[in-house]
Amino acid sequence: MRPVARKCVCPHCFRRITHADTRFECATPACRGGEPPVATDPRADRAGCGSCGRVTSRRLCAHCGDLLPSGYLEQPGTLVALVGPPNSGKSTYIGVLVHELRHGVGKELDAALQPCDDNTVIQYEEGYGRVLFDEHRTVRKTDTRLNRHSVAGRPLVYQLKRRRRGLFGQKHATLTLVFLDAAGEHYGSDDQVEREARYLAEADALVLLLDPQDLPGTAGPAGPGRAVSGGASTDVLSRVLRHLTAVHDVKPNRKLRLPIAVAITKLDLLLTGIEDNSPLRRERPAGARFDADDREAVHTELRARLDQWQADGVSRELDHYCADYQLFGISMLGTAPRGEAIDPGGIRPHRIEDPLIWLLHKFGMLDRGKG
Amino acid sequence: MAFDEQRYRREVLDAGLPVRDNLRWRYQLPERLTAEEVATTVAAVRACWARLYSRLKYKPVITELRAADVALRPVLDAAAGGDLGPLRAELASQDSAENTARARLRAALEQAADGLGLLAPAALAELARAHDSTPDALRALLDGSGITLAEPETLPVEPPHPAYAPVARQLEILKLRHLADFLETATTGGRCAGPVRYFAPPRTDTAVVDRAAHAWGRQPHGAVLTAAETVVAAARQVLREQGPDGLAAALRYELLTALRRRRTSRSTGPELLGHAVDGLGLDRGDARRLVFAVLHEHPDREDPVLAELRRLAAAGRLTAAVETARRAPAGTLPPEAEQLRDHLGAELDRALAKRRQAERIRGTDPDRAWYLLDEIEAAVKDLPGVDDLRRALPPHPVPSVTAHPDGAGVLVGWRPTPSTAGEPVYRIVRTVGRPPRTERDGTELPPPAPGADSLRDPDPPVNALLHYGVSVRRAAEPNGQPSRLAVSPPVFHRPEVSGAGLRAGSGVVTARWSCPPEAESVQVTRDPGGVPVPAGRDGFTDTGLSNATAYGYRIRAVYRGPDGARAATAGLRLTAVPSAPPSPVGALTVRAQPGQPGRLVAHFARPRSGTVELYLLDREPPWPAGHRLPVARVRAAARSVDARPERDGGLGFTAPGGRAVVLAVTVAGEDAVIGDHQPVLALPGLGRLTATRRSGEVLLALDWPAHEVDTIELGWSPAGEPPRTQVVTRGDYLHHGGVRLPAPDGRALRIEARAVATVDRRRVLGPPSTVELPARIDVDYTVTRTGLPGRRRITAVLTAPPDAPAGLRADRIVLVLGTGPGWPLRPEEGTALGELRDVELPPGTPVELSVAAPAHRGGYWLRCFATGGGVVLRDPAARTLKVK
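Line order of the protein sequences matches chains A and B. FYI, the numbering for the first sequence is 19 to 389, going by this note's numbering. FYI, the numbering for the second sequence is 55 to 938, going by this note's numbering.
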């Protein structure tokens, strides 16, 4: 089901924008300091430059001055927010997921992932791609001092485009993915959530990462009882849900309708205690489809596992506050890194695309099927 | 000018703290600076510090001198090295600073004299302390300054007689200043004519008082007469009881009281002096001394002699203290000072007794005498004669001295001296032809360490009669008397030939050496048999020898002694084996050793002569095959291989850690000939493989080696299928996050992986790593509920895939009911409703497990589990397992 057409949000500054809140920019670099191109029709998708005469469709957000994806106002982006406590692996998730979308998973889904602007290309290559796949190091902890106004703290904006069959033949569907790699410490207190995680309010979906080492019943390498500013995963979950309930004005007798994918990361650390018949051990059924049975099996298994890991409060809280949530178990690297170095066996992600597959299905870009 | 330690101790160290900031004084530098004198004097001063510090003498002073020496070292080192500029600049800077300080001190002295021209020694000492100077330096500044150093007079505190106390009030009524006015003027407000002498007042006897009483008696009756009669009565009583001296004391007390009263108004010295002269009519000289005394008057002030005694006693200068106490006039010392004097005197007597004892035993037990002097110095630092006595205490001589020539020099040894006091050190001298007579006779040989009991004379005269003498002196007293000299027996130093080396050829041995010029000839014999070999001064050539036979050669140098007799040295013994020239290795092959990863084995045809050695090089050898050269050159250019003979006749060795070239070299004696070579590449192992089944395929992960390996070769063989291979590059592996191999789940699998490389168009394989995966068969199942309530049944249907192997069995299949919020994860988490044991699961054929539905209220979960046989159950849609 596609969400009801709604506001358009700048994927860079997360402010609501209309045509009036944008301006054109000439493609000629020499013209950029002068008068911007203006179209007679305010809803026109292109305008001519008064200096060089070139027609441009480059449209900038008037608030932040960043380039909007092509056709963004006509087909607004779907904003996926990423939330998680410190050390839950948000940066690694972004780095590996984008890589998978550009290679293995993208090929399987017949989807093309295109960065929105040069900033996204540079930021991904410098901060994620080169570190993970060339230098074989883990992504360093996100600096809490970075904010969205600095280059390194800006969101990564991608357009995921794929073909799907419709009633009248094939058509192209585009999804704008916005990843803001905020430092985990931003979710450490209510004040920080209000100030630093403002973009949550404008998100169309939420991917919430939980660090299994924060769950008391798991026996990860770091053991229970980590003391990091920002609190444990369950605390962050509670704060985020409280915040979303407030900004979406959810009545007391209603639940939050925002799709929330709750992903338990670092699954490789937990596999030793998981039986062979568990769906968590299986690969996602191959193919460009959404396998509801597999999804249901994983979700059911994780609900039972949360009880086993003494984190049944997580599922109860989600049950009471969220109308549309799913549990996922993912592993970004496939095996624990050795210090800052990735295992010499390389990066072997496991089910990392599951949350996105579910969200694509939710947003009507992926059909349901069964293997 | 030689360094005079006595003078230095007297002028610098005895002066104590604070130390003058004067380089010339601190280091006793001469007026005319030369680099040599600066170096000598500074070294002597530092040595003096070290000696005295080790004896705990002048420790605070030396500590301060050493601290300053650290900063001054660059300047002094430069001066010692010939650059006197910095030192001269430093001295000039110090002179300027001293002049400024001197002017400042003069001003301070004048201020302290307060216009009186007198200065108390205590004030002088305080000034010296305040200006980091010494009292002597300040005394020197007093010359020509018009200031005299003097102790303030002792002033009376109490009135001379109780009857005289009311006189002061009566004199005020009469408007008189003091008794002299009363006695001389006999008029109200009268003033005596001449100046009044405080320290030598005019004699006042009964006649003078009577005369004054008569004169004052002419006054009419009234207050004036009454006051005058009171004064006369008091004067007469004092005269009667104390005599004229008492009346003189009364006059002094009046004058003193007037000045003390004026002093309480914080008058300065000149003001008090003016008051004394002009106001009280005092003689100016007496007034100056009196004001000086009043100004230095302190009710609690300690007796100056006692203070001096205490200062000297604290400094350990008991001799000076006793002398100071003796100089004081009899009866003037306070009781405390007398007690201190007696105590110090007793201490001094004990020290003198010890000194006498040390003098008595200095010939028999100088160490005991030394320790007695130490005890004296610990108590009395200024006892005269102690240093002289120390210098006359030689340590015991060393008991014996030996000298052993060993061809390369002479090893001189001696037994340590029995003396321990004063840090005994040894002085060794060498003489030629005769024994040394004194400790300074001959060539001095410095010992390797102060307490060493042997030394090597590395360069003694060759073929000369040598004597070594050892004497002992105490380092703590450098000018002290040394011990008697102990002399070694005479020895000769006759070195062997040097640089001797043999070179064996085919049937011949040649030798080369360097003969000492003092040697007359060289004598060579060959073993076996002790056959003499003709030899020159520089070597020999011995021919006609058998190959592969070891020959021993003894090479002796022959010297002619002073008496004309010839003597041969013990000689050098060298061995050589003549051998045929080495033959090169023809064809060399190198391959991996089967069953021993990381080991290689080299095969070659054994050469006719010589021993084959293997060497590793990073690139092609620089010599062609067949090239002959000394084996030392090969060893310098290549890495030797630790090769061991193998059973198959080859030489086995550990593979190098990368690409290398193995070179076969045949060695015979010192000669070598280059043989064949082969390039090798040892690939590393891939370590542990990790394989995980992923629905019809296997994900293989491994620790990709960091270097050398860009490609690996995989081989896998599902049971019952032909083996398959695949080559994977590093890029493929990293891009796909591992290797995905198609493999059916139902078959066991063995995977082998090894590194691959190409060297010289040859394919090289690394050691294999393997992993085995047992068969795993995913079996689908469904759960249905049928029948009416009360007769309802639950049926689980399990169906093995059609491609599953025949005879697939499971040890146990159990249907479990769970009541938790999530489905049961293990059979133990729920209630077993029914089970099948040792059940066969034919491919594609359903197997049923049907049980009666339990009478359970509320929702529950149903789930099947299988154990054993590699069967893994695949759950149906979760909603079909949930019963609401």
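Idealized CB from N, CA, C, for every residue including glycine. From a predicted model like this one, the values you see are computed outputs, not experimental measurements.
Query raised in the report: Should glycine 876 (chain B) be flagged as near chain A, meaning a C-beta pair shorter than 8 Å?
Result: yes
Query raised in the report: Any idea if asparagine 533 (chain B) is buried or exposed, counting beta-carbon neighbours within 10 angstroms, 16 or more meaning buried?
Result: exposed
Query raised in the report: My guess is that threonine 91 (chain A) and glutamate 220 (chain A) are in contact by the Cβ rule of under 8 Å, so how many angstroms apart are they, rounded?
Result: The sequence shown places leucine at residue 91 (chain A), rather than the threonine named in the question. Not a contact, Cβ separation roughly 15 Å.
Query raised in the report: Considering aspartate 832 (chain B), what are the terminal residues of the beta strand (DSSP E) in which it resides?
Result: 831 to 840
Requested in this report: Would you mind giving the Cβ-Cβ distance between glutamine 82 (chain B) and tyrosine 62 (chain B), rounded to the nearest angstrom? I have them listed as a contact below 8 Å.
Outcome: 6 Å
Query raised in the report: Which value, in whole angstroms, describes the spacing of the CA atoms of glycine 102 (chain A) and proline 373 (chain A)?
Result: 14 Å
Query raised in the report: Contact check, isoleucine 278 (chain A) vs tyrosine 343 (chain A) under 8 Å by CB: the rounded distance?
Result: 4 Å
**Report entry** Close-in-space but distant-in-sequence residues of the same chain around arginine 662 (chain B) (CB under 7 Å, 5 per side omitted)
**Finding:** Ser637
**Report entry** Where the segment 773 to 800 of chain B meets chain A: residues whose CB sits under 9 Å from a CB there
**Finding:** Tyr787, Leu788, His789, His790, Gly791, Gly792
Query raised in the report: Can we count glycine 680 (chain B) as close to the ligand PLP, meaning its CB is less than 7 Å from some heavy atom?
Result: As far as ligands go, the structure on display features none, and thus does not contain the ligand PLP.
Query - Contact list for the segment 548 to 572 of chain B against chain A, Cβ threshold 8 Å - result: none
**Report entry** Inter-stretch contact at 8 Å, needing at least 3 Cβ pairs: the segment 831 to 840 of chain B / the segment 871 to 883 of chain B
**Finding:** no
**Report entry** Under 7 Å from the C-beta of tryptophan 770 (chain B): neighbouring residues of chain A
**Finding:** Ordered by position in chain A, no residue passes the 7 Å Cβ test against tryptophan 770 (chain B), which lies about 17 Å from the chain.
**Report entry** Completely contained alpha helix (DSSP H) runs for the segment 426 to 459 of chain B, where each covers 4 or more residues
**Finding:** 440 to 445
Query raised in the report: Would you say alanine 864 (chain B) faces chain A, with C-beta separation under 8 Å as the test?
Result: no
Report task. Kindly indicate which residue of B:Ala382, B:Arg306, B:Pro383, B:Gly583 has the alpha-carbon position closest to the one of valine 348 (chain B). Result -> B:Arg306
Requested in this report: Decide if histidine 458 (chain B) is buried, meaning its Cβ has at least 16 other Cβ atoms within 10 Å, or exposed.
Outcome: exposed
**Report entry** Within chain A, partners of valine 926 (chain B) - CB distance below 8 Å
**Finding:** Asp294, Asn295
**Report entry** Range covered by the alpha helix (DSSP H) that runs through glycine 555 (chain B)
**Finding:** Here glycine 555 (chain B) belongs to no alpha helix (DSSP H); instead the beta strand (DSSP E) covers 552 to 558.
Requested in this report: Could you list the residues in the segment 355 to 370 of chain A with a C-beta less than 7 Å from some C-beta on chain B, going in chain order?
Outcome: Pro362, Gly363, Gly364, Ile365, Arg366, Pro367
Report task. Starting from threonine 899 (chain B), follow the alpha helix (DSSP H) in both directions and report where the run begins and ends. Result -> Segment: none, threonine 899 (chain B) is in no alpha helix (DSSP H) and carries neither H nor E.
Query - Residue from B:Gly333, B:Arg257, B:Thr373, B:Val639 whose Cα sits closest to the Cα of glycine 943 (chain B) - result: Past the edges of chain B, shown from 55 to 938, lies residue 943 (chain B), and the structure says nothing about it.
Query raised in the report: Secondary structure at leucine 115 (chain A), three-state DSSP: helix, strand or coil?
Result: helix
Requested in this report: Please check if any C-beta of chain A sits within less than 8 Å of the C-beta of alanine 931 (chain B).
Outcome: yes
Query raised in the report: Of the residues B:Glu493, B:Ala718, B:Val115, B:Leu192, which one's Cα is nearest the Cα of arginine 689 (chain B)?
Result: B:Ala718
Query raised in the report: Is any beta-carbon of chain A found at less than 8 Å from that of aspartate 764 (chain B)?
Result: no
**Report entry** Within 8 Å, strictly: CB atoms of valine 545 (chain B) and serine 537 (chain B)
**Finding:** no
Query raised in the report: Does DSSP put lysine 938 (chain B) in a helix, a strand or coil?
Result: coil
Query raised in the report: Does arginine 891 (chain B) come within less than 8 Å of chain A when only Cβ atoms are used?
Result: no
Query raised in the report: Are three or more beta carbon pairs between the segment 480 to 495 of chain B and the segment 512 to 525 of chain B nearer than 8 Å?
Result: yes
Report task. Using alpha carbons as the reference points, say which of B:Ala558, B:Thr623, B:Thr595 lies closest to threonine 603 (chain B). Result -> B:Ala558
Query - Those runs of the beta strand (DSSP E) which lie wholly inside the segment 737 to 794 of chain B and span at least 3 residues - result: 743 to 747, 751 to 756, 765 to 772, 778 to 783
Query raised in the report: Using 8 Å as the limit for Cβ to Cβ distance, is glycine 382 (chain A) near chain B?
Result: no
Report task. Can you have a look at isoleucine 848 (chain B) and say buried or exposed, based on whether 16 or more other CB atoms are within 10 angstroms of its CB? Result -> buried
**Report entry** Local conformation of proline 855 (chain B) per DSSP, three classes
**Finding:** coil
Query raised in the report: Quick one: does phenylalanine 919 (chain B) have its CB under 8 Å from some CB of chain A?
Result: yes
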